Amino acid sequence: MLDDTNAKPLVSVRDLKMHFPIHAGLLRRRVGEVKAVDGVSFDVMEGETLGLVGESGCGKSTCGRAVLRLYDITAGEISIDGVEIGQMDQSRLRSKRPTMQMVFQDPQASLNPRMPVRDIIQEPLDEHTNLSLSEKREKVLELMDAVGLNRKFATRFPHAFSGGQRQRIGIARALALNPKFIVCDEPIAALDVSIQAQVVNLLEDLQEKLGLTYLFISHDLSMVRHIATRVAVMYLGRIVELAPREALYAEPLHPYTKALLSAVPEPNPALAQKQRVVLTGDVPSPSNPPKGCNFCTRCPVVQDICRTDDPETREVQPGRFVACHFVTPETTTTADPTAGPRSQELNQQGEET
Amino acid sequence: MPDGALPVLDVKDLKTVFKTRGGEVHAVNDVSFSLKPGELLGVVGESGSGKSVTMMSLIGLLPSPPAEVRNGTVMFDGDDLLNVDAARMRDIRGGDIGFVFQDPMTSLNPVFTVGMQIAEPLRKHMGMNKKAARARAVELLELVGIPDAERRLDDYPHQFSGGMRQRVMIAIALACDPKVLIADEPTTALDVTIQAQILELMKELRTKLGMAVIWITHDLGVIAGIADRVIVMYGGQIVEHAPVADLFADPQHPYTQALLTTIPSVSGERSKRLTIIEGQPPILGAAPTLCPFRDRCNKRVEICERMMPQRYPVSGQHDAACFHADPGIPKEKAVGHAG
Numbered sequence: 000m001l002d003d004t005n006a007k008p009l010v011s012v013r014d015l016k017m018h019f020p021i022h023a024g025l026l027r028r029r030v031g032e033v034k035a036v037d038g039v040s041f042d043v044m045e046g047e048t049l050g051l052v053g054e055s056g057c058g059k060s061t062c063g064r065a066v067l068r069l070y071d072i073t074a075g076e077i078s079i080d081g082v083e084i085g086q087m088d089q090s091r092l093r094s095k096r097p098t099m100q101m102v103f104q105d106p107q108a109s110l111n112p113r114m115p116v117r118d119i120i121q122e123p124l125d126e127h128t129n130l131s132l133s134e135k136r137e138k139v140l141e142l143m144d145a146v147g148l149n150r151k152f153a154t155r156f157p158h159a160f161s162g163g164q165r166q167r168i169g170i171a172r173a174l175a176l177n178p179k180f181i182v183c184d185e186p187i188a189a190l191d192v193s194i195q196a197q198v199v200n201l202l203e204d205l206q207e208k209l210g211l212t213y214l215f216i217s218h219d220l221s222m223v224r225h226i227a228t229r230v231a232v233m234y235l236g237r238i239v240e241l242a243p244r245e246a247l248y249a250e251p252l253h254p255y256t257k258a259l260l261s262a263v264p265e266p267n268p269a270l271a272q273k274q275r276v277v278l279t280g281d282v283p284s285p286s287n288p289p290k291g292c293n294f295c296t297r298c299p300v301v302q303d304i305c306r307t308d309d310p311e312t313r314e315v316q317p318g319r320f321v322a323c324h325f326v327t328p329e330t331t332t333t334a335d336p337t338a339g340p341r342s343q344e345l346n347q348q349g350e351e352t
Numbered sequence: 000m001p002d003g004a005l006p007v008l009d010v011k012d013l014k015t016v017f018k019t020r021g022g023e024v025h026a027v028n029d030v031s032f033s034l035k036p037g038e039l040l041g042v043v044g045e046s047g048s049g050k051s052v053t054m055m056s057l058i059g060l061l062p063s064p065p066a067e068v069r070n071g072t073v074m075f076d077g078d079d080l081l082n083v084d085a086a087r088m089r090d091i092r093g094g095d096i097g098f099v100f101q102d103p104m105t106s107l108n109p110v111f112t113v114g115m116q117i118a119e120p121l122r123k124h125m126g127m128n129k130k131a132a133r134a135r136a137v138e139l140l141e142l143v144g145i146p147d148a149e150r151r152l153d154d155y156p157h158q159f160s161g162g163m164r165q166r167v168m169i170a171i172a173l174a175c176d177p178k179v180l181i182a183d184e185p186t187t188a189l190d191v192t193i194q195a196q197i198l199e200l201m202k203e204l205r206t207k208l209g210m211a212v213i214w215i216t217h218d219l220g221v222i223a224g225i226a227d228r229v230i231v232m233y234g235g236q237i238v239e240h241a242p243v244a245d246l247f248a249d250p251q252h253p254y255t256q257a258l259l260t261t262i263p264s265v266s267g268e269r270s271k272r273l274t275i276i277e278g279q280p281p282i283l284g285a286a287p288t289l290c291p292f293r294d295r296c297n298k299r300v301e302i303c304e305r306m307m308p309q310r311y312p313v314s315g316q317h318d319a320a321c322f323h324a325d326p327g328i329p330k331e332k333a334v335g336h337a338g
């Protein structure tokens, strides 16, 4: 885990934009674009887990894929382990792949059903190393041990494994080339709760053992609280708040983060007596985001300025970044965080449960 | 809800089997529960625990073959739903028993307007004419909180967002004033902020309309916020049944206990490491003769290898299918082998 004082960033993302064109009409003219990721900046420190949370369609998966350059990005800079890959062409990028890997959401869809597990895990070794077959076979078995798969099952096909085991296969494949940085895109979303804990514990063990750095993308706020060192909250293609885990969950600052956290159902009735902020309406379309702040259509404390001016991201406390007109260093330095006029206002406007 | 009220739905010893080429799958095994008027019964379990199949069996929605309801009675309104003819069943489904499915996109017909889909049960079950049905459809859409209901009636499902579609599904289910509403993972496909909206809506509708609700979910957080009583399913059986506060405060079955510790929470203490339940859920290839959780249980004792536990009463409305809850077995003996 991270000693946050002298940590240095392994991954640096600056003003990342990923816009997908919309073509329509007989001539397939370009009529607009979906701004899936629209100006996102963050660092991932060496050895930490950065949680990236948000609701479906907020651009978190696109962001994760864009960081690994699985897309040709629209704009921005991405530096991984000191190498700028934002505009690097795909053939040169290929030689950089071993340091950065990905674990996908759906272990059913991301494993080739016609390949035995041994070959699936071995494929990255075939592509990127010059090991002999017997060396590769040995490495595959070691990887299977590392992720808790029985060596005897090496020649079986993915269908013979359960969901949790399939996710372990995906993790083994991602580990094959000794990466430094792994993007985990909703790695547990498709699994049952009792199996989710197994996979999360495995990811944590591997991080400790191998010194891995994760970008952990998830919509499950409670699981992110467990695994992440710092958390970034996305809404409609932007990061609205980025903060160390404890600070974020103890005292969310952005109105969206407040609403998001209060919407999570609490399995402990003893803790469930909190006030709930229920947002009205739906997320606007990323092809036509609102003018001003992206959240202004649903924000419970919206003001006129929010509908005209786009809030800039400010560091309101050391290590805490918030993109909101009304969260400033002055509003957050009060000793009692709930004493500020703003948070009272928010509580009053949110519906009580 | 009054404790002494007669149950509106009473299920006894329900057993459902799927016949597949690979042999039989015993998806539901001797499930018994009852539902009182106005009550919200939560059903929790992981995928494959038989929670959906149980509810589908009740209202005859499983295709047969491969499904076969082997045993049991489902008393509703003086009828055994497992023995009524197809015409009566059609009357009940969508009439007295409404249901909401998990995925609102695949359960709405994309080629009809939502107005037509809400009006359909009204005209079929209530014999309304076109105009009356339309007026009622507007009322229903307003009831579930869709703004500008009159105009939205002529929209197609794809013009609605996920949360709005689920509201439409709920409106259809409520159309004929059902006595029982069965909701199968109604918020699983939705985002948390939208889920919060739907949960609020359900609470409000329940008090307004006074119907009984069966709410199937795998999310214990949702259950904690909405249910009166809970049944926990595992391996096609009910392993624990309790009022919601008791279940969270004093879970009796080792599976429930483990399940409650595996889920992290957004508030409260953050554990250093997640507790895990080792192993995999059982494969239901044969009728169970022993506790389905025994292979993964950390409180397994010798008797678990010989006999099937019954549902032993713990207190008033609380029971658990575990020998540790059996008053006939001395506590020291049972706990002695716990590992």
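Chains as they are written, first to last, in numbering that gives the first Met the number 0: chain A, 0 to 352; chain G, 0 to 338.
Glycine is no exception: its CB is placed at the ideal position from the N, C-alpha and C atoms.
Model, not experiment: these values are computed from the prediction.
Thinking C-beta only, is residue j closer than 8 Å to residue i?
i                      : j                      : result
residue 78 of chain A  : residue 11 of chain A  : yes
residue 187 of chain G : residue 216 of chain G : yes
residue 30 of chain G  : residue 214 of chain G : no
residue 52 of chain A  : residue 239 of chain A : no
residue 180 of chain A : residue 9 of chain A   : yes
residue 103 of chain G : residue 164 of chain G : yes
residue 345 of chain G : residue 196 of chain A : No information on residue 345 of chain G is available, as it lies outside the stretch 0 to 338 that chain G covers here.
residue 157 of chain A : residue 165 of chain A : yes
residue 32 of chain A  : residue 18 of chain A  : yes
Strictly below 7 Å CB to CB, what residues from chain G border residue i?
i                      : result
residue 199 of chain A : 273
residue 278 of chain A : 192
residue 55 of chain A  : 190
residue 196 of chain A : 261, 273, 274 and 275
Using the three-state DSSP reduction, which class does residue i fall into: helix, strand or coil?
i                      : result
residue 183 of chain A : strand
residue 10 of chain A  : strand
residue 189 of chain G : coil
residue 143 of chain A : helix
residue 167 of chain G : helix
residue 251 of chain G : coil
residue 337 of chain A : Its pLDDT being 44, under 50, residue 337 of chain A is placed unreliably by the model, and the measurement read from it follows with that caveat. Reduced to three states, the DSSP call for residue 337 of chain A is helix.
residue 319 of chain G : strand
residue 255 of chain A : helix
residue 118 of chain A : helix
residue 416 of chain G : Within the shown structure, residues of chain G are numbered from 0 to 338, placing residue 416 of chain G beyond reach of any answer.
residue 218 of chain A : coil
residue 346 of chain A : Annotation note: pLDDT 44 at residue 346 of chain A (below 50); position unreliable, coordinate value reported separately. Looking at residue 346 of chain A - three-state DSSP - the assignment turns out to be helix.
residue 324 of chain A : coil
residue 338 of chain G : Confidence in residue 338 of chain G is poor, its pLDDT being 37 and thus under 50, which makes the residue's placement too unreliable to answer from.
residue 1 of chain A   : With a pLDDT of 44 at residue 1 of chain A, under the threshold of 50, the modelled position of this residue cannot be trusted, and the question is left open.
residue 316 of chain A : strand
residue 330 of chain A : helix
Anything in chain A within Cβ reach of residue i, meaning under 8 Å, just list it in chain order.
i                      : result
residue 265 of chain G : 220, 221, 224, 248, 260, 263 and 265
residue 217 of chain G : 191 and 192
residue 292 of chain G : By Cβ distance, chain A contributes nothing, its closest Cβ being about 11 Å from residue 292 of chain G, past 8 Å.
residue 60 of chain G  : Per Cβ cutoff of 8 Å: no residues; residue 60 of chain G is ~23 Å from chain A at best.
residue 258 of chain G : 192 and 193
Name the chain G residues whose beta carbon is nearer than 9 Å to that of residue i?
i                     : result
residue 15 of chain A : The contacting residues do not exist; residue 15 of chain A stays about 23 Å from chain G at best.
Please tell me whether, using a cut-off of 7 Å, the distance from the CB of residue i to the nearest non-hydrogen atom of the ligand GTP is below it.
i                      : result
residue 329 of chain A : As for the ligand GTP, it is missing from this structure, which has no ligand bound.
Quick one: which chain G residues come within Cβ less than 8 Å of residue i?
i                     : result
residue 93 of chain A : By Cβ distance, chain G contributes nothing, its closest Cβ being about 36 Å from residue 93 of chain A, past 8 Å.
Closer than 9 Å by beta-carbon distance: list the chain A residues that pair up with residue i, in chain order.
i                      : result
residue 184 of chain G : Under the 9 Å cutoff, chain A gives no residues; its nearest Cβ is about 13 Å from residue 184 of chain G.
residue 151 of chain G : Chain A residues near residue 151 of chain G: none, gap ~13 Å exceeds 9 Å.
(request) Give, in chain order, every unbroken run of the beta strand (DSSP E) that is at least 3 residues long and sits entirely within the stretch 27-111 of chain A. (result) Entirely contained in the stretch 27-111 of chain A, the beta strand (DSSP E) runs reaching 3 residues are, in chain order, 28-44, 48-52, 74-79 and 99-102.
(message) So within the stretch 19-71 of chain G, which uninterrupted alpha helix (DSSP H) runs reach at least 4 residues, ignoring any that extend past its ends?
(response) DSSP runs (the alpha helix (DSSP H)) wholly in the stretch 19-71 of chain G: 50-57.
(message) Below 8 Å, how does it come out for the stretch 265-276 of chain G and the stretch 66-84 of chain G: are there three or more Cβ pairs, yes or no?
(response) By the Cβ rule, the stretch 265-276 of chain G does not count as touching the stretch 66-84 of chain G, because fewer than three pairs are nearer than 8 Å.
(request) Counting only runs of 3+ residues fully inside the stretch 175-228 of chain G, write out the beta strand (DSSP E) ranges in chain order. (result) Complete beta strand (DSSP E) runs here, min 3: 179-183 and 211-216.
(request) Take every Cβ of the stretch 173-185 of chain G, pair it with every Cβ of the stretch 114-128 of chain G, and state whether three or more of those distances are shorter than 8 Å. (result) Enough Cβ pairs lie closer than 8 Å, so yes.
(request) Determine, using beta-carbon pairs with one atom in the stretch 213-233 of chain A and one in the stretch 56-68 of chain A, whether at least three such pairs fall under 8 Å. (result) The answer is yes - the stretch 56-68 of chain A touches the stretch 213-233 of chain A, with three or more Cβ pairs under 8 Å.
(request) Check whether the stretch 215-235 of chain G touches the stretch 42-61 of chain G, taking contact to mean three or more Cβ pairs, one atom from each stretch, closer than 8 Å. (result) Counting C-beta pairs closer than 8 Å gives three or more between the stretch 215-235 of chain G and the stretch 42-61 of chain G, which meets the contact rule.
(message) For the structure I just gave you, are there three or more beta carbon pairs, one from the stretch 160-177 of chain A and one from the stretch 86-93 of chain A, closer than 8 Å?
(response) Not touching, per the Cβ criterion.
(request) Inspect the CB distances between the stretch 194-209 of chain A and the stretch 125-142 of chain A and report whether three or more fall short of 8 Å. (result) Not touching, per the Cβ criterion.
(request) With a floor of 3 residues, list each beta strand (DSSP E) that falls wholly inside the stretch 86-137 of chain G, ordered by position along the chain. (result) Inside the stretch 86-137 of chain G, DSSP marks whole beta strand (DSSP E) runs of 3 or more residues at positions 96-99, from first to last along the chain.
(message) My parser needs the alpha helix (DSSP H) runs of 4 or more residues fully inside the stretch 228-290 of chain G; what are they?
(response) Fully enclosed alpha helix (DSSP H) runs of 4 or longer: 243-248 and 253-261.
(message) Under 8 Å: do the stretch 68-78 of chain A and the stretch 317-328 of chain A share three or more Cβ pairs, one atom per stretch?
(response) Result no; under three Cβ-Cβ pairs closer than 8 Å.
(message) Between the stretch 21-35 of chain G and the stretch 236-249 of chain G, can you find at least three pairs of beta-carbon atoms closer than 8 Å?
(response) A contact is defined here as three or more CB-CB pairs under 8 Å, and the stretch 236-249 of chain G meets this definition with respect to the stretch 21-35 of chain G.
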